[in-house]
Amino acid sequence: MLEWILFAVCALLLFAAMVSFTGAVIGAIRFGFVMNSMHAAGIGDTFGILCLVVCLILSIGPGLNMMKLLVILVFLWFNSPVSTHFLIQVEYFTNKELYRFSDRIAGSKTNETASGEEK
Amino acid sequence: MKERFFKWFYGESDPMEHILDCAEVPDESREEWKYEEHEIEREISRRVHTQSVIRAERRGFYAFYLIIAVISCLMLIGVLLFTVSQLPRYGVENPRAKEVIERYVEKGLEETGAVNIVSGMILDYRAFDTLGESHVLFTALLCVMILLRLDEKNKRTRYENYYTVLADPYYDISTDPIMRIAATITLPSIFLFGIYILLNGQISPGGGFSGGAVMGAALIIYAAAFGFTVTDRVFTYRMSRCITFLSLAFYSFAKGYVFFTGANGIPNGVPKGTPGAVLSGGLILPLDIAVGMVVACTMFGFYSLFRRGSIGGE
Amino acid sequence: MSVSQAYHILFTAGLVWFAILIAVMLIKAIIGPGVTDRILAINMIGTMVICCILILSVLLDENYLTDVALIYAMISYIAVLILATVYIPANPKRKRFGEDVKREVEEGRRYVKEQRAEIRRKMEEEGFKGSTPPDMDGKEL
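In structure tokens:
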């Protein structure tokens with residue numbers, strides 16, 4: 000009976016990981032700006048991988064492989080924010096039309112795009 | 000505190016206002032002046048230089064060298080094609096299909112002493128192929144060096160009028176503190192992981208090539224995070240040359256000794272060890288280390304050459 | 000039905016769903032207008048491939064696949080880093096349009112402040128009609 004309870008918990012955790020990764024993918028596609036989609040991608044990198052690794056640890060049991068899975072988890076948690084930091088720097092330094100929508104918010108006429116179009 | 004929050008909320012103060020103040024802005028007017036003054040001089044010197052070089056290239060010892068090189072290449076191609084035509088054809092009668100596979104699979108563990116039969120094959124039965132692959136890596140590094148290395152000839156024309164990445168702290172991301180902290184914490188583990196993969200060639204999947212790739216990747220992260228001036232103190236051109244040459248020479252001599260004794264029926268004095276331990280498999284572990292060193296130096300050499308045109312900062 | 004069969008079905012379903020997500024992300028990598036969209040898509044594909052490999056290592060009961068997943072995580076991390084070192088200095092006019100954008104944003108804010116000051120001045124002239132309740136017409140609180 001205990002095995003079936005463990006199986007139920009594993010299934011629930013895997014379902015949660017699926018939902019978070021689906022949300023991350025849909026968010027990465029549907030947002031118009033890259034910076035917002037990076038914010039959505041962070042859901043998958045943190046919560047999704049946590050649920051998945053905990054589910055796998057529960058189904059494997061203690062031992063060497065559990066430590067390896069924990070090492071992968073810590074590595075990914077440590078390095079995803081650094082990657083995001085540099086991606087945002089790439090976006091800031093290569094996108095000429097980054098401020099094209101602050102025109103509508105501020106209501107001014109001076110925030111034109113670099114090529115001179117009016118919005 | 001509330002006033003500061005509402006100031007930010009209604010858009011009257013900007014927290015990111017002063018984020019680029021401490022970065023030095025490059026002096027654009029001076030760059031343009033340098034461009035105008037050296038432009039004409041560069042054009043003249045380049046044309047004269049290449050004409051004299053072309054004239055020198057087509058006479059004397061150089062012409063003799065070209066002819067001999069072409070003839071020796073054709074001879075080598077002819078010899079190899081003749082050898083290949085003498086091999087048995089594809090098909091069911093080919094000994095490769097029946098006898099060789101059974102021998103490798105059944106007696107691989109006893110004869111090589113390695114639990115991982117793939118490593119046993121590429122470094123014991125077929126070590127000559129792996130030697131050729133290591134030499135291919137070495138030759139690839141030499142070719143990239145010939146094409147991309149900065150000499151006196153192309154130093155002036157290539158880097159003078161662009162925004163050079165090394166000399167400009169405004170564009171160099173190795174001054175980023177986040178990169179340095181992340182590299183300080185994760186790089187020792189990555190390097191140790193590469194060494195772990197190297198030493199486990201005969202027990203689990205891994206071996207020389209993948210372990211060397213991981214170590215090369217760790218060196219690349221180090222050079223990108225801390226800059227090339229710090230890396231040049233450790234990894235010079237002379238060290239890269241010594242490592243690759245000594246590894247390949249050790250590989251050739253060790254395997255040559257084993258081939259010699261095996262062909263003449265003399266037992267070689269290499270211990271097999273217990274399968275499953277780290278020190279097992281005869282010569283597989285030292286050869287793994289040699290191959291891993293060559294791969295790591297090659298990968299870092301490629302990155303350094305593509306980035307700034309020289310391996311050790313010469 | 001035994002527990003191991005149930006685990007088998009569960010993990011296979013997870014693998015199939017991850018494969019669908021990877022395919023959708025690949026479409027974004029092709030479409031996405033701009034450099035950063037594509038680098039982000041490749042990073043996400045890498046993370047999902049790591050998840051697939053981890054599930055496979057439990058499904059097939061092989062221990063060394065976790066080492067493969069760790070190498071993959073490292074390779075995707077170093078790829079984003081090195082691409083950033085290529086793309087950040089690559090625009091030679093970067094200083095120019097960065098400075099231009101800052102100047103434009105400051106002008107926009109000054110314009111908004113002027114508009115608000117003008118509106119307030121007009122309201123002071125007209126005596127705040129319409130912005131206060133009718134029985135307090137013209138007087139501030």
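Chains as they are written, first to last, in numbering that gives the first Met the number 0: chain A, 0 to 118; chain B, 0 to 313; chain C, 0 to 140. Beta carbons: idealized from backbone N, C-alpha and C, even for Gly. Being a predicted model, the structure only gives us computed values, none of them experimental.
Helix, strand or coil for L149 of chain B per DSSP?
Coil, per DSSP.
Amino acids of chain B, ordered along the chain, whose beta-carbon sits closer than 9 Å to that of L58 of chain C
Neighbours of L58 of chain C in chain B, taken as residues at a C-beta separation under 9 Å, are lacking, since the least C-beta distance is about 17 Å.
When the Cα atoms are used, what is the spatial distance from G275 of chain B to F225 of chain B?
About 40 Å.
Would you call the CB atoms of D123 of chain B and I283 of chain B closer than 8 Å?
Yes, these two residues count as a Cβ contact at 8 Å.
Using DSSP with H/G/I as helix, E/B as strand and the rest coil, what is Q201 of chain B?
The answer is coil: DSSP assigns Q201 of chain B none of H, G, I, E or B.
Taking P274 of chain B as part of the alpha helix (DSSP H), name the residues at either end of that continuous run.
Annotation for P274 of chain B: no alpha helix (DSSP H) segment contains it, and DSSP assigns it neither H nor E.
Along the alpha helix (DSSP H) that carries T46 of chain C, what are the first and last residues, could you check?
According to the DSSP assignment, T46 of chain C belongs to the alpha helix (DSSP H) that extends over 34-58.
Go ahead and pull the three-state DSSP assignment for Y162 of chain B.
Because Y162 of chain B sits at a pLDDT of 41, beneath the cut-off of 50, its placement in the model cannot be relied upon, and the point is left open.
Label R157 of chain B either buried or exposed according to how many other C-beta atoms from any shown protein chain fall within 10 Å of its C-beta, with 16 as the threshold for buried.
Note that R157 of chain B scores 49 on pLDDT, short of 50, meaning its location in the model is unreliable; the coordinates nonetheless yield the value given after this. Under this definition R157 of chain B is an exposed residue.
If you count every other CB in all the chains shown that lies within 10 Å of the CB of K67 of chain A, and 16 or more means buried, which is it?
Result: buried.
Leaving aside the five residues before and after A166 of chain B along the sequence, list all residues of the same chain whose C-beta is less than 8 Å from its C-beta, in chain order.
Any reading at A166 of chain B needs caution, since the residue's pLDDT is 44, under 50, leaving its predicted position unreliable; the model's value is listed next. For A166 of chain B, where only same-chain residues beyond five positions count, there are no Cβ hits under 8 Å.
Would the region 20-27 of chain A and the region 34-46 of chain C be scored as touching if the rule is three or more Cβ pairs under 8 Å?
Yes, the region 20-27 of chain A touches the region 34-46 of chain C.
Can the beta-carbon of S279 of chain B be found less than 8 Å from the beta-carbon of Y63 of chain C?
With respect to Y63 of chain C, S279 of chain B sits apart: the two C-beta atoms are not nearer than 8 Å.
Distance, Cα to Cα, G41 of chain A vs A27 of chain A?
If you draw a straight line from the Cα of G41 of chain A to the Cα of A27 of chain A, it is about 10 Å long.
Taking only beta-carbon positions, decide if S19 of chain A is within less than 8 Å of chain B.
S19 of chain A does not count as touching chain B.
Run of the alpha helix (DSSP H) containing S279 of chain B, from where it starts to where it stops
DSSP places S279 of chain B in no alpha helix (DSSP H); its state is neither H nor E.
Would you say L13 of chain A lies against chain C (beta-carbon separation less than 8 Å)?
L13 of chain A belongs to the set of residues whose beta carbon lies under 8 Å from a beta carbon in chain C.
Under the three-state DSSP convention, the category S1 of chain C falls into:
In the structure shown, S1 of chain C sits in coil (DSSP, three-state: anything other than H, G, I, E or B).
Going along the region 27-46 of chain A in order, which residues come within less than 8 Å of chain C, judged by CB to CB distance?
So the list reads A27, I28, V33, S36, M37, A40, G43, D44, given in the order they occur along the chain.
Following the continuous alpha helix (DSSP H) through V83 of chain B, name the residue where it begins and the one where it ends.
Secondary structure note for V83 of chain B: its alpha helix (DSSP H) is the uninterrupted segment 60-84.
Where do the N-terminal and C-terminal ends of the alpha helix (DSSP H) with R88 of chain B fall, by residue?
Boundaries cannot be given for R88 of chain B, as no alpha helix (DSSP H) includes it and DSSP labels it neither H nor E.
Are the C-beta atoms of V213 of chain B and some chain C residue less than 8 Å apart?
At least one chain C Cβ lies under 8 Å of V213 of chain B.
Alpha carbon of Y91 of chain A to alpha carbon of L82 of chain C, nearest angstrom:
Distance between Y91 of chain A and L82 of chain C, taken at the CA atoms: about 14 Å.
Give the interface partners of V81 of chain A over in chain B, defined as CB-CB distance under 8 Å, in chain order.
I177, M178, A181, listed in chain order.
Terminal residues of the alpha helix (DSSP H) in which F4 of chain B lies
First-last of the alpha helix (DSSP H) with F4 of chain B: 1-8.
With DSSP run on the structure shown, which of helix, strand or coil describes I333 of chain B?
Because chain B is modelled from 0 through 313, residue 333 of chain B falls outside the range shown and cannot be assessed.
Quick check on the burial criterion: 16 or more other C-beta atoms within 10 angstroms. Buried or exposed for N199 of chain B?
Counting C-beta atoms within 10 angstroms of its own C-beta, N199 of chain B has 16 or more neighbours from the protein chains shown and is therefore classed as buried.
Starting from K106 of chain B, follow the alpha helix (DSSP H) in both directions and report where the run begins and ends.
Residues 100-111.
Count the CB pairs spanning the region 46-56 of chain A and the region 1-17 of chain A that are closer than 8 Å, and state whether there are at least three.
The region 46-56 of chain A is in contact with the region 1-17 of chain A.
Give a yes or no on whether 8 Å exceeds the smallest Cβ distance from P168 of chain B to chain C.
In this prediction, P168 of chain B has a pLDDT of 47, which is less than 50 and means its spatial position is unreliable; what the coordinates show is noted afterwards. The C-beta of P168 of chain B comes no closer than 8 Å to any C-beta of chain C.
Ignore the nearest five residues each way along the sequence and tell me which others in A113 of chain B's own chain have a CB closer than 6 Å to its CB.
Within the same chain, A113 of chain B has close Cβ partners G119, Q201, G280, I283.
For a contact defined as C-beta to C-beta under 8 Å, what are the partners of W3 of chain A on chain C?
Chain C residues near W3 of chain A: V2.
Could you check where the alpha helix (DSSP H) with D66 of chain C kicks off and where it finishes?
Membership of D66 of chain C in the alpha helix (DSSP H) is indicated by the continuous run 64-86.
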